[in-house]
Amino acid sequence: MVDSINQLWMHEDGFLINKKSGLVLDIRGGIERDKLIIQYARKPGLAHNQRWKYQDGYIFPSAAPHLVIDIKGGEYKNGNNIFLNTKNPHSPTQQFIIQPFENEKSRQELALLRPSPQWYT
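Per the UniProt record's numbering, the sequence shown starts with residue 1, numbered consecutively.
What follows is the structure, given as structure tokens:
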């Protein structure tokens, strides 16, 4: 059960959009190992550091599948930061389970997060 809307995300055109903030996941400072993952305003154009894929439990930048999201400090604790790390099949903090969450209210609210046409110009 999701205990907070800040844990709800929508995947659209490669962007991961946070339900609470409306911001997207972004790699601070470019696509490199050890860079922090932050929430940031959606950028126009290709935005390589904001486009994500999910496969086999890993969340990774579309442009760099060898780098994956990992939890700083190596353990699941509230407040830990996430960062880019080299993919390691033996690291449980790189594995994520995505659970769909949908009801009529969430469908209507998520529709509000869809980007305006100006983002594509």
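For glycine and all other residues, C-beta sits at the position ideal for the given N, C-alpha and C.
Keep in mind it's a predicted model, so treat the numbers as computed, not measured.
For residue j and residue i, the rounded distance between their alpha carbons
{"i": "Asp70", "j": "Ser4", "result": "21 Å"}
{"i": "Gly45", "j": "Phe60", "result": "19 Å"}
{"i": "Arg51", "j": "Pro89", "result": "22 Å"}
{"i": "Gln39", "j": "Lys77", "result": "19 Å"}
{"i": "Lys53", "j": "Ser21", "result": "20 Å"}
{"i": "Arg33", "j": "Gln55", "result": "19 Å"}
{"i": "Ser62", "j": "Asn6", "result": "23 Å"}
{"i": "Phe19", "j": "Met10", "result": "Looking at the sequence itself, residue 19 is Lys, so the reference to Phe does not match. Taking the straight line joining both Cα atoms gives about 7 Å."}
{"i": "Ala47", "j": "Glu12", "result": "13 Å"}
Reference residue i, options the options, closest by Cα
{"i": "Leu67", "options": "Glu75, Tyr58, Gly73 and Leu16", "result": "Tyr58"}
{"i": "Asn85", "options": "Pro65, Gln7, Ala47 and Asn6", "result": "Pro65"}
{"i": "Ser91", "options": "Asn81, Ala47, Lys72 and Ser62", "result": "Lys72"}
Sub-7 Å separation of residue i and residue j beta-carbons
{"i": "Asn49", "j": "Ile37", "result": "no"}
{"i": "residue 134", "j": "Arg42", "result": "In the structure displayed, the chain extends from 1 to 121; residue 134 sits before or after that span and is not available."}
{"i": "Leu25", "j": "Leu16", "result": "yes"}
{"i": "Thr93", "j": "Gly79", "result": "no"}
CB contact check: residue i to chain B, cutoff 7 Å
{"i": "Met10", "result": "Among the chains of the structure shown, chain B does not appear; only one protein chain is present."}
Residues sharing a beta bridge with residue i, DSSP
{"i": "Asn18", "result": "Trp9"}
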